[in-house]
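Engineer: Once you've had a glance at the structure underneath, I'll fire off some questions.
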Amino acid sequence: MCGITAIIQSGSPQSNSLERRADVQSKLTRSLSLLQHRVPDAEGTWINSDATVGMLHLSSIDSDFSPTGLQPLHSEDEKIHVVVNGEIYDHFGIRGRCTTEFDYNFSGRSDSEVILALYQHHGVRGLFKHLRGEFAFVLYGERSGDVIAARDRFGIEPLFWTYSTETPAKLLIASEIKGGAAVLGEGTLFKGVKKVLPGHWVQFGRDGSVTQHRYWDAEYADKTVKETRSMDEMVDGVRERLVDAVRLRLQADVPVGIYLSGGLDSSIVAGITTQLVRERGVKLGNQDIKDRITCFSISFASDSQYNEYERTEEWLDLNTVKKVMDEEELAKHFADFVYHTEHHHFDMNSVGKYALSELPRQQGIPIVLTGEGADEHFAGYLFLVSDFLREPDDALPLTELTKDTELREALNESAAAQLRSIYKGEDSNALTQPPLGAVRLPHFLKTSMANMVLTCLGDRSEMAHSTEARLSFLDHELAEYVNGLPPSVKMSYSKPEDSIGINNDEKEKRKKVAPQSFFWENMAAVRDRIIDKKVLREAGRPFITDEIYHRKKHPYSSPWKWPVGGPVQRMFRGLLTKEAVECLGFVDFGSISRCLETAFGESGDPAASRKILVVGAWVVLSQKFGVKPARSQR
Numbered sequence: 001m002c003g004i005t006a007i008i009q010s011g012s013p014q015s016n017s018l019e020r021r022a023d024v025q026s027k028l029t030r031s032l033s034l035l036q037h038r039v040p041d042a043e044g045t046w047i048n049s050d051a052t053v054g055m056l057h058l059s060s061i062d063s064d065f066s067p068t069g070l071q072p073l074h075s076e077d078e079k080i081h082v083v084v085n086g087e088i089y090d091h092f093g094i095r096g097r098c099t100t101e102f103d104y105n106f107s108g109r110s111d112s113e114v115i116l117a118l119y120q121h122h123g124v125r126g127l128f129k130h131l132r133g134e135f136a137f138v139l140y141g142e143r144s145g146d147v148i149a150a151r152d153r154f155g156i157e158p159l160f161w162t163y164s165t166e167t168p169a170k171l172l173i174a175s176e177i178k179g180g181a182a183v184l185g186e187g188t189l190f191k192g193v194k195k196v197l198p199g200h201w202v203q204f205g206r207d208g209s210v211t212q213h214r215y216w217d218a219e220y221a222d223k224t225v226k227e228t229r230s231m232d233e234m235v236d237g238v239r240e241r242l243v244d245a246v247r248l249r250l251q252a253d254v255p256v257g258i259y260l261s262g263g264l265d266s267s268i269v270a271g272i273t274t275q276l277v278r279e280r281g282v283k284l285g286n287q288d289i290k291d292r293i294t295c296f297s298i299s300f301a302s303d304s305q306y307n308e309y310e311r312t313e314e315w316l317d318l319n320t321v322k323k324v325m326d327e328e329e330l331a332k333h334f335a336d337f338v339y340h341t342e343h344h345h346f347d348m349n350s351v352g353k354y355a356l357s358e359l360p361r362q363q364g365i366p367i368v369l370t371g372e373g374a375d376e377h378f379a380g381y382l383f384l385v386s387d388f389l390r391e392p393d394d395a396l397p398l399t400e401l402t403k404d405t406e407l408r409e410a411l412n413e414s415a416a417a418q419l420r421s422i423y424k425g426e427d428s429n430a431l432t433q434p435p436l437g438a439v440r441l442p443h444f445l446k447t448s449m450a451n452m453v454l455t456c457l458g459d460r461s462e463m464a465h466s467t468e469a470r471l472s473f474l475d476h477e478l479a480e481y482v483n484g485l486p487p488s489v490k491m492s493y494s495k496p497e498d499s500i501g502i503n504n505d506e507k508e509k510r511k512k513v514a515p516q517s518f519f520w521e522n523m524a525a526v527r528d529r530i531i532d533k534k535v536l537r538e539a540g541r542p543f544i545t546d547e548i549y550h551r552k553k554h555p556y557s558s559p560w561k562w563p564v565g566g567p568v569q570r571m572f573r574g575l576l577t578k579e580a581v582e583c584l585g586f587v588d589f590g591s592i593s594r595c596l597e598t599a600f601g602e603s604g605d606p607a608a609s610r611k612i613l614v615v616g617a618w619v620v621l622s623q624k625f626g627v628k629p630a631r632s633q634r
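Residue numbers (full-length UniProt numbering): 1 to 634.
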């Protein structure tokens, strides 16, 4: 993974004076220093008269930091230039086809160079179908004067763009907003800054035109069409593609580890990795096949009852490095987490992930495999149950899910009460009673996952510590297959009398352990009737323990109830002062002051807790970036 900063002069090219080059070089140097946390290993800069590209580069596949391995990369005639952040999997196969089919001459071993080759042969519209992986890139063609900025299908890799207000204006493109700070100068940093959308590329013309293009979208099966495949066939299809996705992500010239939470998703990734390495002889990065696989786990002091990862670790004979988070640790890391993610979040889970991501590099392991993305594709969120209950799945007409009246009533009462506790006013009915037929899974994939999950739990938390994460469940070939499955094989019905995984030990554990997320309170009736990610459980069964297979979903979640006068409340009291809140320009300090009183203690209000988390993040961003107060446009 790496960091990108690109500066492109709009309008007519200016002379390449020594003063101008020195100014551009200075801005790139400062910009790169603000992205140095992403990749400390190597950096390259390229400048010409009307386009400037600077980047930091860590290669986990091409570890040769010779001129042929460093970026920016250039075409043979020096007229096309590209910088790439990410990993292109199976690039050896692409290189072979490019060499055979159109006699392309590769200058080095970098996986990123295949983008340059594919662009020259297929053009921008034809290159994306050949790319498998997570990536963001900026490509500049001197002949056309066009700039192409593109992002992978799910938005795993970040990419932002804006125009500076100086004359003549400059187009700025960066992996993180802070990367453009050196060029933007003073002012409201976030105003006018846009993201390249997942599955899109943006074309910036020499004439100042900006055109957005979509090259990929998630497509789902028509559930009015009866499914002809057997359950076994669908399970085999998922297993085959998932194993292949994991296999591709083991390729590296550096050590590779695993994030292991003890949940279904990361346990499957760990199990598949173990089998590939020990039974099939697949290389895990550059480590000796006899070495134990290293995984990294986090636990919260109040969540000690859920320690399944320890038994998975023992079963797979893994070497586990553990991070135990308590209230003081979360308070200590909050501001740094916000600075690196440049985003707010509604709980402390992501702060824990940020802290966990310190460990791999400390252990000499710069790449980790993670389990993110499974819930989004396999319907692992309980709030999706209402969508499945709302209308039948005609693809599998024998499903029992939509026939359970008791389940529907329990879900409606619980969800409505919890949502009304957060949202007040005239929109509350719309929030708790969505229109018939509204299905949130595709919408969630494009909004919350791309903008929140992959930012706060993904790249930005990990790359803050130069840790590269690889997400097997967000392999697009796997996703396209899963999206074509009937909904009822993802979220399945379980009768109370034979509910999967509800043994006596589990029942006692649930009595002792308080839910760590208020969305899970009073949801026992729903959890016990639903088998989430059913087809994934079956596909992953050969790779996991029976305990994990049978276990009901327990989310990776930090506590949301904090004691009065504890480190978290003290941290927010110091952060959310009257001056700091009013400096935002759009938040009422009186409301936040009341939240500081009601959010803490055993009877703490979850809505108040979320408000101070969000506003606290805004205050951090305003202070870290020197953002001016927002003002009404009226």
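No residue lacks a Cβ here, since even glycine has one placed at the ideal position from N, Cα and C.
Small disclaimer: the values here were computed from a predicted structure and weren't measured.
Please state the DSSP three-state secondary structure of A607.
Structural biologist: Locating residue 607 in the sequence shown gives position 607, counting from the first residue. Helix at A607.
Engineer: Taking 7 Å as the limit between beta carbons, can you name the residues of its chain near D427, skipping five residues before and five after?
Structural biologist: As a first step, residue 427 must be located in the sequence shown, where it is residue number 427. With a pLDDT of only 40 at D427, under the threshold of 50, the placement of this residue in the model should not be trusted, and no figure is reported.
Engineer: Could you tell me whether the Cβ atoms of L359 and K323 are closer together than 7 Å?
Structural biologist: Against the sequence shown, residue 359 aligns to sequence position 359. Against the sequence shown, residue 323 aligns to sequence position 323. The answer is yes: Cβ separation under 7 Å.
Engineer: Are the CB atoms of V564 and G590 nearer to each other than 7 Å?
Structural biologist: The count along the sequence shown starts at 1 and reaches residue 564 at position 564. The count along the sequence shown starts at 1 and reaches residue 590 at position 590. No. Outside cutoff.
Engineer: Relative to the C-alpha of G208, which candidate in E227, K194 and A169 has its C-alpha closest?
Structural biologist: By 1-based counting over the sequence shown, the position of residue 208 is 208. Ranking the options by Cα distance to G208, first place goes to A169.
Engineer: Go through the region 225-273 residue by residue and report every complete run of the beta strand (DSSP E) that reaches 3 residues or more, in order.
Structural biologist: You should have 256-259.
Engineer: Report yes or no: do the region 539-547 and the region 227-242 share at least 3 C-beta pairs separated by less than 8 Å?
Structural biologist: Short answer: they touch.
Engineer: Which residue comes first and which comes last in the beta strand (DSSP E) that contains I47?
Structural biologist: If you number the sequence shown from 1, residue 47 lands on position 47. Taken as a continuous stretch (DSSP letters only), the beta strand (DSSP E) holding I47 covers E43 to I47.
Engineer: Is the region 242-249 close to the region 469-486, with three or more CB pairs under 8 Å?
Structural biologist: Flag = yes, the region 242-249 and the region 469-486 touch.
Engineer: For the ligand GDP, is there any heavy atom lying closer than 6 Å to the beta carbon of R30?
Structural biologist: This structure does not include the ligand GDP; it has no bound ligands of any sort.
Engineer: So which of V269, D605 and W618 has the shortest CA-CA distance to L369?
Structural biologist: Locating residue 369 in the sequence shown gives position 369, where the first residue counts as 1. Taking only the C-alpha atoms, the option nearest L369 is V269.
Engineer: Leaving out five residues before and five after A301 in sequence, what residues of the same chain have Cβ atoms less than 6 Å from its Cβ?
Structural biologist: Taking the sequence shown and counting its residues from 1, the one referred to as residue 301 is at position 301. Taken in chain order, the residues that qualify are D326.
Engineer: Go to N483, then tell me how far its alpha helix (DSSP H) extends in each direction, as first and last residue.
Structural biologist: Position 483 of the sequence shown, counting from 1, holds the residue named residue 483. Where N483 is concerned, the enclosing alpha helix (DSSP H) stretches over H476 to N483.
Engineer: By Cβ distance, which residues of its chain are closer than 6 Å to R292, with the 5 residues on each side in sequence left out?
Structural biologist: Residue mapping note: residue 292 aligns to position 292 of the sequence shown, counting from 1. Around R292: N319.
Engineer: From M55 to W216, what distance separates their C-alpha atoms?
Structural biologist: The residue given as residue 55 occupies position 55 in the sequence shown. The residue given as residue 216 occupies position 216 in the sequence shown. Below a pLDDT of 50, predicted positions are generally treated as unreliable, and M55, at 46, falls in that range; the measurement from the model is reported next regardless. Rounded to whole angstroms, M55 to W216 spans 26 Å at the Cα level.
Engineer: Does Q362 pass the burial test, meaning 16 or more other C-beta atoms within 10 Å, or should it be called exposed?
Structural biologist: Locating residue 362 in the sequence shown gives position 362, counting from the first residue. That one is exposed.
Engineer: Which parts of the region 307-334 are runs of the alpha helix (DSSP H), unbroken and 4 residues or longer, counting only runs that do not cross its ends?
Structural biologist: Complete alpha helix (DSSP H) runs here, min 4: 308-316.
Engineer: What would DSSP say about C295, mapped onto helix, strand or coil?
Structural biologist: Along the sequence shown, read from residue 1 onward, the residue named residue 295 stands at position 295. Correct three-state label for C295: strand.
Engineer: From this set, L35, L250 and L28, which residue's C-alpha is nearest A469's C-alpha?
Structural biologist: Looking up residue 469 in the sequence shown gives position 469. When only C-alpha atoms are compared, the closest one is L250.
Engineer: Quick check on K534: does DSSP put it in helix, strand or coil?
Structural biologist: As a working note, residue 534 is residue 534 in the sequence shown. Looking at K534 - three-state DSSP - the assignment turns out to be helix.
Engineer: Given a cut-off of 7 Å on the beta-carbon distance, is the pair F111 and E134 in contact?
Structural biologist: Your numbering for residue 111 matches position 111 in the sequence shown. Your numbering for residue 134 matches position 134 in the sequence shown. The sequence given here has Asp at residue 111, not Phe. No, these two residues do not count as a Cβ contact at 7 Å.
Engineer: Counting only the same chain and skipping the five closest in sequence on each side, list residues whose C-beta sits under 8 Å from that of Y163.
Structural biologist: Counting from one through the sequence shown, the residue named residue 163 turns up at place 163. Contacts found: S10, A169, K170, L171, L172 and G192.
Engineer: Please report the distance separating the alpha-carbon of L159 from that of L139.
Structural biologist: The sequence position of residue 159 within the sequence shown is 159, counting from 1. The sequence position of residue 139 within the sequence shown is 139, counting from 1. Distance between the alpha carbons of L159 and L139: 13 Å.
Engineer: Do L34 and T45 have their C-beta atoms closer together than 7 Å?
Structural biologist: Numbered from its first residue, the sequence shown carries residue 34 at position 34. Numbered from its first residue, the sequence shown carries residue 45 at position 45. Going by C-beta atoms, L34 is not nearer than 7 Å to T45.
Engineer: Suppose you measure from the CA of A630 to the CA of E579; what does that come to, to the nearest Å?
Structural biologist: Position 630 of the sequence shown, counting from 1, holds the residue named residue 630. Position 579 of the sequence shown, counting from 1, holds the residue named residue 579. Their backbone Cα atoms lie some 14 Å apart in a straight line.
Engineer: List the endpoints of the continuous alpha helix (DSSP H) containing E219.
Structural biologist: Taking the first residue of the sequence shown as 1, we reach residue 219 at position 219. Taken as a continuous stretch (DSSP letters only), E219 belongs to no alpha helix (DSSP H), as it is neither H nor E.
Engineer: Between which residues of its own chain and G86 is the CB-CB distance below 7 Å, once the five residues before and five after are set aside?
Structural biologist: Your numbering for residue 86 matches position 86 in the sequence shown. Within the same chain, G86 has close Cβ partners M1, G133, E134, F135, A136, D152 and E157.
Engineer: Name, in chain order, the residues that DSSP records as bridge partners for V83.
Structural biologist: By 1-based counting over the sequence shown, the position of residue 83 is 83. DSSP lists V138 as partners of V83.
Engineer: What are the boundary residues of the beta strand (DSSP E) that includes Q212?
Structural biologist: Taking the sequence shown and counting its residues from 1, one reaches residue 212 at position 212. Here the beta strand (DSSP E) through Q212 covers V210 to R214.
Engineer: What's the C-alpha gap between T467 and E166?
Structural biologist: Against the sequence shown, residue 467 aligns to sequence position 467. Against the sequence shown, residue 166 aligns to sequence position 166. Rounded to whole angstroms, T467 to E166 spans 35 Å at the Cα level.
Engineer: Decide if F92 is buried, meaning its Cβ has at least 16 other Cβ atoms within 10 Å, or exposed.
Structural biologist: The residue given as residue 92 occupies position 92 in the sequence shown. Under this definition F92 is an exposed residue.
Engineer: How would you label E176, buried or exposed, when you count the other beta carbons within 10 angstroms and need 16 or more for buried?
Structural biologist: Residue numbering aside, residue 176 sits at position 176 when the sequence shown is read from its first letter. Buried, by the Cβ-count rule.
Engineer: Given this structure, state the Cα-to-Cα distance separating K353 from E19, to the nearest angstrom.
Structural biologist: Looking up residue 353 in the sequence shown gives position 353. Looking up residue 19 in the sequence shown gives position 19. Using only the alpha carbons, I get a separation of about 44 Å.
Engineer: Could you give the DSSP three-state label for V114: helix, strand or coil?
Structural biologist: As a first step, residue 114 must be located in the sequence shown, where it is residue number 114. Helix at V114.
Engineer: Is the beta carbon of G205 closer than 7 Å to that of D146?
Structural biologist: The residue given as residue 146 occupies position 146 in the sequence shown. The residue given as residue 205 occupies position 205 in the sequence shown. Closer than 7 Å, so yes.
Engineer: From D62 to Q287, what distance separates their C-alpha atoms?
Structural biologist: Stepping through the sequence shown from its first residue, residue 62 is reached at position 62. Stepping through the sequence shown from its first residue, residue 287 is reached at position 287. Because D62 sits at a pLDDT of 42, beneath the cut-off of 50, its placement in the model cannot be relied upon, and the following sentence gives the value as read from the coordinates. Their backbone Cα atoms lie some 16 Å apart in a straight line.
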